[in-house]
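Student: Residue numbers (the numbering used here): 4 to 467. From the three backbone atoms N, C-alpha and C, an ideal C-beta is built for every residue, glycine too.
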Ligand code: 4AD
Ligand code: MG
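Written as structure tokens, this is what we have:
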């Protein structure tokens with residue numbers, strides 16, 4: 004075992020972005036993607052370090068002292084390489100490293116059992132080795148994308164005067180009212196106390212948050228613009244390619260704003276994040292376009308260049324009813340739009356992102372503002388070609404009497420503080436929620452949500 008280098012290391016990303024010139028001495032640290040021996044007594048190492056999409060080629064001369072040991076290295080071994088950066092003789096890369104020293108820091112003790120061979124693996128298989136899949140091209144690209152999108156989200160809100168609020172992860176309320184809650188408790192299930200939850204840690208029933216919205220509203224009604232971006236949890240037993248039990252949600256909230264202000268914010272937010280990503284993740288996006296989804300870049304460019312269509316739910320239903328298209332579920336007023344309806348509207352009817360507004364009151368949560376017609380609420384879903392709903396939000400009910408009429412007695416008691424906000428300086432306000440992983444799926448074209456989450460949590464699987 005060698006100790007890691009103390010000399011200054013350069014990342015492979017910096018080398019490729021021309022931070023050093025040809026013929027300079029460089030020191031890199033990384034893992035072997037492959038080892039190839041040439042007939043002329045050379046070894047070619049392909050080394051990656053996560054800093055960029057491409058691996059760098061290292062040429063090792065047979066004269067190097069530990070050459071024999073180097074030729075025995077295999078995919079996955081960790082190395083430190085020193086040498087001169089030179090123009091590449093071969094095809095496929097502009098520069099390569101002519102090694103003067105190669106140190107093995109950690110080898111692969113048993114190459115036959117190394118789970119990430121050089122060949123292509125299925126995504127399904129790679130989920131079973133989630134601790135090593137970041138070593139692959141695809142999952143390295145996803146990790147960088149995830150980071151850059153998170154960064155773009157914070158940058159967007161910060162540049163636009165929003166305050167990031169860390170809303171609680173443990174909560175006593177079910178914001179969405181869907182009953183998909185994970186319980187949080189320190190009670191001994193095998194030995195429950197007489198007083199029930201009164202004896203539990205918080206003295207009441209508590210859960211993992213399904214949304215940070217209710218709490219972020221409190222900050223919106225003092226900071227004017229606030230957002231929360233953090234993990235949320237849903238125990239819905241939907242074992243689908245679009246659902247996780249643990250996912251991240253972006254939830255902005257704006258005061259003195261109505262549904263149209265909210266739709267404008269969503270449009271501006273999506274365009275800004277997509278524009279940033281096309282620049283910040285250029286190589287990774289090219290890889291996604293080449294290997295995952297040929298349309299992913301033009302889809303983002305399409306959204307950036309389009310003007311979002313705004314459409315009432317009533318008109319969306321009318322559109323869906325007058326077409327000859329056959330749906331699995333016919334569209335009827337009063338029912339939620341199915342994914343097939345959403346995609347038809349955005350892909351076929353309007354050929355642009357669509358904001359559907361003003362949904363039937365009966366299918367939406369208590370906090371959405373009741374419209375004057377008393378049959379709809381000021382809700383909105385943003386639908387984009389390729390996936391359908393990407394963002395959902397609403398104007399919030401700021402009138403206490405109306406809010407109370409939409410809450411159960413139990414909810415009124417539990418959410419006394421939320422009701423208080425309607426008593427002391429209440430104002431029209433609105434916000435939305437964007438599923439972070441759904442955004443990543445849309446951007447990359449990766450069609451299973453488990454492949455954009457580092458360690459996905461789904462029914463019957465909390466491994467890693
Ligand atoms: O539509 P939802 O349930 O809205 C809310 O939670 C509101 N409180 C948001 C708000 O107005 N502040 O969820 C918002 C988004 C969905 O559009 C979807 O992208 C994502 O969260 N989402 C999920 N993503 C992954 N796995 C799941 N199980 C998800 N459930 C919702
Ligand atoms: Mg929704």
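Using beta-carbon positions only, say whether residue 461 and residue 248 come within less than 9 Å of one another.
Tutor: Cβ distance < 9 Å, so residue 461 and residue 248 count as in contact.
Student: By Cβ distance, which residues of its chain are closer than 6 Å to residue 190, with the 5 residues on each side in sequence left out?
Tutor: Excluding positions up to five away in sequence, the list reads 203.
Student: Whole angstroms is fine: what's the gap from residue 360's alpha carbon to residue 265's?
Tutor: Whole-angstrom Cα-Cα distance: 11 Å.
Student: In chain order, what are the residue ranges of uninterrupted beta strand (DSSP E) at least 3 long that sit wholly in the stretch 342 to 424?
Tutor: As far as the stretch 342 to 424 is concerned, its whole beta strand (DSSP E) runs of at least 3 residues are 357 to 363, 379 to 387, 391 to 398.
Student: Apart from the five residues just before and just after residue 365, which ones in its own chain have a Cβ nearer than 8 Å to its Cβ?
Tutor: The answer, listed in chain order, is 337.
Student: Label residue 291 either buried or exposed according to how many other C-beta atoms from any shown protein chain fall within 10 Å of its C-beta, with 16 as the threshold for buried.
Tutor: By the 10 Å Cβ count, residue 291 comes out buried.
Student: Please classify residue 275: does DSSP put it in a helix, a strand, or coil?
Tutor: In the structure shown, residue 275 sits in a helix (DSSP, three-state: H, G or I).
Student: What are the boundary residues of the beta strand (DSSP E) that includes residue 228?
Tutor: It spans 228 to 236 - the beta strand (DSSP E) in which residue 228 sits, taken as one unbroken run.
Student: Determine the burial state of residue 466: buried for a count of at least 16 other Cβ atoms within 10 Å of its Cβ, exposed for fewer.
Tutor: By the neighbour-count rule (16 or more Cβ atoms within 10 Å), residue 466 is not buried but exposed.
Student: Below 8 Å, is the gap between the Cβ of residue 247 and the nearest heavy atom of ligand 3?
Tutor: In the structure shown, ligand 3 is absent; the only ligands present are ligand 1 and ligand 2.
Student: Can you look up residue 74 in the DSSP assignment and give me helix, strand or coil?
Tutor: Correct three-state label for residue 74: helix.
Student: Give the list of continuous alpha helix (DSSP H) stretches no shorter than 4 residues that lie fully inside the stretch 301 to 342.
Tutor: Listed in chain order, they are 316 to 325.
Student: At what residues does the beta strand (DSSP E) containing residue 28 begin and finish?
Tutor: Segment 28 to 41, the beta strand (DSSP E) holding residue 28.
Student: Where residue 227 and residue 401 are concerned, what is the direct C-alpha to C-alpha distance, given to the nearest angstrom?
Tutor: In a straight line, the C-alpha of residue 227 is about 14 Å away from that of residue 401.
Student: Is the closest heavy atom of ligand 1 to the C-beta of residue 395 under 8 Å?
Tutor: Within the cutoff, so yes.
Student: Only counting the same chain, and skipping five residues up and downstream in sequence, which positions put a Cβ closer than 6 Å to that of residue 188?
Tutor: Closer than 6 Å at the Cβ level, and outside the excluded window around residue 188, lie 203.
Student: Hey, is residue 452 close to ligand 1, as in C-beta under 8 Å from one of its heavy atoms?
Tutor: Indeed, a heavy atom of ligand 1 lies less than 8 Å from the Cβ.
Student: Out of 304, 174, 252, which has the shortest C-alpha to C-alpha gap to residue 184?
Tutor: For the residues 304, 174, 252, the minimum Cα distance to residue 184 belongs to 174.
Student: Is there contact between the stretch 69 to 76 and the stretch 146 to 160, where contact requires at least three CB pairs shorter than 8 Å?
Tutor: No, the stretch 69 to 76 does not touch the stretch 146 to 160.
Student: Excluding the 5 residues flanking residue 421 on each side, which residues of the same chain have their C-beta closer than 6 Å to its C-beta?
Tutor: Once the five neighbours on either side are set aside, the close Cβ partners of residue 421 are 217.
Student: Can you tell me which of the three DSSP states residue 210 falls into?
Tutor: In this structure, residue 210 counts as strand in the three-state DSSP scheme.
Student: Roughly how many angstroms lie between the CA atoms of residue 8 and residue 428, to the nearest whole one?
Tutor: The pLDDT assigned to residue 8 is 48, lower than 50, so where the model puts this residue is not dependable, and the model offers no usable value.
Student: Is there at least one non-hydrogen atom of ligand 1 closer than 8 Å to the beta-carbon of residue 360?
Tutor: Not so, every heavy atom of ligand 1 lies at least 8 Å from the Cβ.
Student: Looking only at DSSP bridge pairs, what is residue 106 linked to?
Tutor: Answer by DSSP bridge pairing, in chain order: 83.
Student: May I have the straight-line CA-CA distance separating residue 80 from residue 316, to the nearest angstrom?
Tutor: Near 56 Å, if we compare the C-alpha coordinates of residue 316 and residue 80.
Student: Buried or exposed: where does residue 251 fall if 16 or more other Cβ atoms within 10 Å of its Cβ makes it buried?
Tutor: By the neighbour-count rule (16 or more Cβ atoms within 10 Å), residue 251 is buried.
Student: Cβ of residue 435 less than 9 Å from any chain D Cβ?
Tutor: Going by chain labels, chain D is absent from the structure shown, which holds only one protein chain.
Student: Just to confirm my understanding: we take residue 130, look at its own chain, exclude 5 residues before and 5 after, and list those with CB closer than 7 Å. What are they?
Tutor: The answer, listed in chain order, is 453.
Student: Pick out whichever of 98, 375, 145, 224 has its Cα sitting closest to the Cα of residue 362.
Tutor: If we check each option's Cα against that of residue 362, 375 comes out closest.
Student: Should residue 76 and residue 60 be called a contact, given that it needs their Cβ atoms to be closer than 9 Å?
Tutor: Contact flag unset, no.
Student: Compute the minimum distance between the beta carbon of residue 288 and the heavy atoms of ligand 1, and state whether it is under 8 Å.
Tutor: No, the beta carbon of residue 288 sits no closer than 8 Å to any heavy atom of ligand 1.
Student: Taking 8 Å as the limit between beta carbons, can you name the residues of its chain near residue 146, skipping five residues before and five after?
Tutor: Answer for residue 146: 53, 137, 457, listed in chain order.
Student: How many whole angstroms separate the CB atoms of residue 233 and residue 215, which I take to be in contact at a CB cut-off of 8 Å?
Tutor: Between residue 215 and residue 233 the Cβ distance is about 6 Å, and since that is below 8 Å, they are a contact.
Student: Going by beta carbon distance, what residues of the same chain come within less than 6 Å of residue 124, once the five residues before and after it are set aside?
Tutor: Excluding residues within five positions, none has a Cβ falling inside 6 Å.
Student: Please determine whether the Cβ atom of residue 282 lies at a distance below 8 Å from any heavy atom of ligand 1.
Tutor: Every heavy atom of ligand 1 is 8 Å or more from the Cβ of residue 282, so no.
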